[in-house]
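Heads up: the structure comes next, in structure tokens.
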């Protein structure tokens, strides 16, 4: 087994747990949770720092509040989450406490990873908990998030947490033991893939989108998570969590599909910019600006041919080449009205145009993330 495929070789590990693994008919599967925590503590005792991204608050809250099966209204989901979060946090605290470990609950919304200041605050909280020897238990804050401001699946949330925490491994516990060339339940000729060196369009096409009643995620969201994680220097594995002690089973050679981290991991800041979910505008560039950025330079106003969207200083924007293809994204140094005024102009003219000595760069190179395909010449 390669080093990439050995869980014991990682120093900071995020474990993502789906609702269907943890909750059954509104009741917590305590034996399963106790077995998982036993695995986790064993890894922690071996020197690894462990984090958990756990679904289950809504599923557990259904049981607590006696809600019926089937789809819930938004306010019912939020009420179920509010009740379930208490029960879920207590269950983790009890299970970890039995091993002398502390738990710390962190509830995140989309904005906590979209806005740089909140991102840094969440990152600092996670880091402090780990320094104190506690295990962060992280979930989306379903009690307040609406469909417009939520992730909607904990696979991508787990990948964001992994990059936020600078984790070197992300484990997605699933109801399937990895990625196949086709859905194995439907195609008896489906081939299991033990390792995916790079997520290509072909790999994405293999991913299904179906999820269970309790789970919003399918294989597609897991592949999306893999793209986020591996680009930021985090290796990922998808493995089955249906049996007891899934982490110990993985260490002992149980099946799992591994996605090695890309060879040039981005810094935490670059990972955050590259994984930003909601770009607020588009900046189209001329050939000279495209060439300059490919060589590692900042984007100057002179190289901008058009500006669109609704953005403020510090927002993420998509960068387009002259043909309209996306080549990357970055954090803009000007509000849209100012960006339009200085587009195509020399940096020396900025103060006269906007009325103050602004930055010479429209997007500084430290705030730029260029796509792999563009850098490698395939785009």
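Residue numbers (our numbering): 34 to 412.
Idealized CB from N, CA, C, for every residue including glycine.
Nothing here was measured: the structure is a model prediction, and the numbers come from that model.
| Check | Outcome |
| --- | --- |
| The beta strand (DSSP E) that contains residue 49, what's its start and end? | 45-50 |
| Please report how far the alpha carbon of residue 80 lies from the alpha carbon of residue 343, in whole angstroms. | 47 Å |
| In the segment 319-403, which residue ranges form an unbroken beta strand (DSSP E) of at least 3 residues, counting only runs that do not cross its ends? | 337-342, 349-353, 359-364 and 401-403 |
| So the alpha helix (DSSP H) residue 70 belongs to, where does it begin and stop? | 63-78 |
| Please go through the same chain and pick out, in chain order, the residues whose beta-carbon is closer than 6 Å to the beta-carbon of residue 137, but skip the five residues on each side of it. | 162, 167 and 169 |
| In the DSSP assignment, the beta strand (DSSP E) including residue 224 goes from what residue to what residue? | Element bounds for residue 224: n/a, residue is neither H nor E. |
| Just to confirm, is the Cβ distance from residue 381 to residue 366 under 8 Å? | no |
| Touch check for the segment 272-281 and the segment 192-208: three-plus C-beta pairs under 8 Å? | yes |
| State the start and end residues of the unbroken beta strand (DSSP E) segment that holds residue 272. | 268-273 |
| Taking only the alpha-carbon atoms, compute the straight-line gap between residue 200 and residue 98 and give it to the nearest angstrom. | 36 Å |
| Quick one: what's residue 290 bridged to in DSSP? | 271 |
| Given that a residue counts as buried once 16 or more other Cβ atoms are within 10 Å of its Cβ, and exposed if not, what is residue 268? | buried |
| Could you pull the start and end residues of the alpha helix (DSSP H) that residue 219 belongs to? | Looking at the DSSP string, residue 219 is not in any alpha helix (DSSP H), and its letter there is neither H nor E. |
| Reducing DSSP to helix, strand and coil, say where residue 282 ends up. | helix |
| For the candidate residues 379, 65 and 348, whose alpha-carbon lies nearest to that of residue 337? | 379 |
| Residue 351 to residue 65, Cα distance in whole Å? | 44 Å |
| Run through the segment 138-171 for me and flag every whole beta strand (DSSP E) of 3 or more residues, listed as ranges in chain order. | none |
| In this structure, how does DSSP classify residue 212 when only helix, strand and coil are distinguished? | strand |
| What did DSSP end up calling residue 40 once you bin it into helix, strand or coil? | helix |
| For residue 94, does the three-state DSSP call read helix, strand or coil? | helix |
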